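There are 2 protein chains.
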Amino acid sequence: MSPIGTEAALHPDVAPLAFLLGTWVGEGRGEYPTIESFAYGEEIKVWHVGKPFLAYGQRTWALDDGRPLHSELGYWRAQKANASGQWRVELVLSHPTGIVEIEEGVVADTTLDLSTVTVGRTSTAKEVTALARHFEVHGHLLTYTVAMAAVGQPLQHHLRAELERT
Amino acid sequence: MSPIGTEAALHPDVAPLAFLLGTWVGEGRGEYPTIESFAYGEEIKVWHVGKPFLAYGQRTWALDDGRPLHSELGYWRAQKANASGQWRVELVLSHPTGIVEIEEGVVADTTLDLSTVTVGRTSTAKEVTALARHFEVHGHLLTYTVAMAAVGQPLQHHLRAELERT
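Keeping their order, the protein sequence lines are chains W and Z.
The first sequence maps to residues -11 to 154 in the numbering used here.
The second sequence maps to residues -11 to 154 in the numbering used here.
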């Protein structure tokens, strides 16, 4: 979906996530016991329409021939959790592998930590049972890691990438 | 996410869904016992990257002032179910309301019928328990209906829209 409506004022409920806004491009590396390690290019887009969520789209490609690999589409939400001023974050995601997931966590300054609350799978999807994500933004650099429990393997490191805001 | 890679050949697994590809614009009407009926404008984009899924994005807006209403992002998948040649369809969707859902169903010619297999909700999402969707494409006209069970109400008609391929 094309980013649209970004001329609207940012909704105050997602102000703590504003550091994610923009288009990010970079490279990452994936590994898992059941597959060969791989390097990938990646683009992440985060946009808003003035409502209390951010829209999120991501795609990766093989560095050798540019063929598309993974992609994800979804939304970010946030809410002030309590009087301490900490913000809780919700991420709802669809994967073309037939997986939907809800991750929840916290945002502190420009660092996000989220883990799976719910995973849903279509009849033909592989068994993914949990994910945990860490995002950090410093200036124009976004770094993330993803841990995954899938196909009988326990939760463990799966992806790491660095992207720059374009 | 911008549609990308549409110069790739369509993957044969999603050929039965090719009639959905494109950008569709039109209007719809929503009703539900707990809210006032409303009319909306809508854009749907369906694109592919040569892999065995279609990407899907949708957004609606109020007809009076154009303010954004709902949106959805996700993916379509399909597979031949059995020797009868019928294709089963899977739809994975994220909603900015904090809902993820998996719908499954069948495609026959250019008609799709899907219903909810799984709904996931974030901690702050409203209670949506089931959806059922019907899509029909005839030439450049796409018509859909959505039934919904939510906030204690049984599954019932919620949305109907007609869109034209642009």
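Even for Gly, the Cβ is constructed at its ideal location relative to N, Cα and C.
Computed from a prediction, not measured in an experiment: that's the story for all the values here.
| Asked | Found |
| --- | --- |
| Where the beta strand (DSSP E) through V95 of chain W begins and ends | I87 to A96 |
| C-beta neighbour in chain W for T48 of chain Z, strict 8 Å | no |
| Beta carbon of L102 of chain W nearer than 8 Å to that of L81 of chain W | no |
| N- and C-terminal bounds of the beta strand (DSSP E) containing F7 of chain W | Unbroken run through F7 of chain W: none, as it is neither H nor E. |
| Neighbour flag for T117 of chain Z against chain W, beta carbons, 8 Å | no |
| Residue ranges of each beta strand (DSSP E) within the region -4 to 44 of chain Z, 3 or longer | 10 to 20 and 23 to 35 |
| Residue-level contact to chain W via CB, A43 of chain Z, 8 Å cutoff | yes |
| As assigned by DSSP and simplified to three states, the class of R153 of chain Z | strand |
| Closest residue to Q144 of chain Z among Z:A120, Z:G29, Z:Q74 and Z:P40 (Cα-Cα distance) | Z:A120 |
| Boundaries (first-last residue) of the beta strand (DSSP E) holding L129 of chain W | L129 to A138 |
| Where T112 of chain Z sits in the DSSP three-state scheme | coil |
| Contact list for Q67 of chain Z against chain W, beta-carbon separation under 9 Å | S111 and T112 |
| Meets three-Cβ-pair contact criterion under 8 Å: the region 33 to 40 of chain Z and the region -6 to 10 of chain Z | yes |
| Neighbouring residues, chain W, relative to Y63 of chain Z (Cβ below 9 Å) | S59, L61, S82, H83, P84, T85 and G86 |
| Range covered by the beta strand (DSSP E) that runs through S82 of chain Z | W75 to H83 |
| Member of W:H146, W:V125 and W:T112 whose CA lies at the smallest distance from the CA of F41 of chain Z | W:T112 |
| C-beta neighbour in chain W for E78 of chain Z, strict 8 Å | yes |
| 7 Å Cβ shell around L147 of chain W - same chain, five flanking residues per side excluded | G16, G18, T133 and V134 |
| Reduced DSSP category for L100 of chain W - H, G, I as helix; E, B as strand; rest coil | strand |
| Status (buried if at least 16 other CB within 10 Å, exposed otherwise) for G140 of chain W | exposed |
| Span of the beta strand (DSSP E), counted from its first residue to its last, around Q67 of chain Z | P56 to K68 |
| Spatial distance of T99 of chain Z from P0 of chain Z (CA atoms) | 18 Å |
| Nearest neighbour of P56 of chain Z, chosen from Z:P4, Z:P84 and Z:E89 [CA to CA] | Z:P84 |
| Backbone CA spacing between T48 of chain W and Y28 of chain W [nearest angstrom] | 6 Å |
| Contact list for G38 of chain Z against chain W, beta-carbon separation under 9 Å | R55 and P56 |
| Collapsed DSSP secondary structure at Q141 of chain W in the structure displayed | coil |
| Per-residue contacts from I90 of chain Z into chain W (C-beta, under 8 Å) | G86, V88, G108, R109 and T110 |
| Cross-strand partners of T106 of chain W (DSSP beta bridge) | W:I90 |
| Length of the line joining the Cα atoms of L61 of chain Z and A43 of chain Z | 8 Å |
| Secondary structure of L51 of chain Z, DSSP reduced to three states | coil |
| For V116 of chain Z and V107 of chain Z, believed in contact at Cβ under 8 Å, the rounded distance | 6 Å |
| Proximity to D53 of chain W [Cα-Cα], best of W:F26, W:P21 and W:A71 | W:F26 |
| Minimum C-alpha distance to G127 of chain W - residue among W:E24, W:A137, W:G93 and W:E152 | W:E152 |
| Option nearest Q74 of chain W by Cα separation, candidates W:I87, W:A50 and W:D97 | W:D97 |
| Straight-line gap, T22 of chain Z to A137 of chain Z (C-alpha atoms, nearest Å) | 11 Å |
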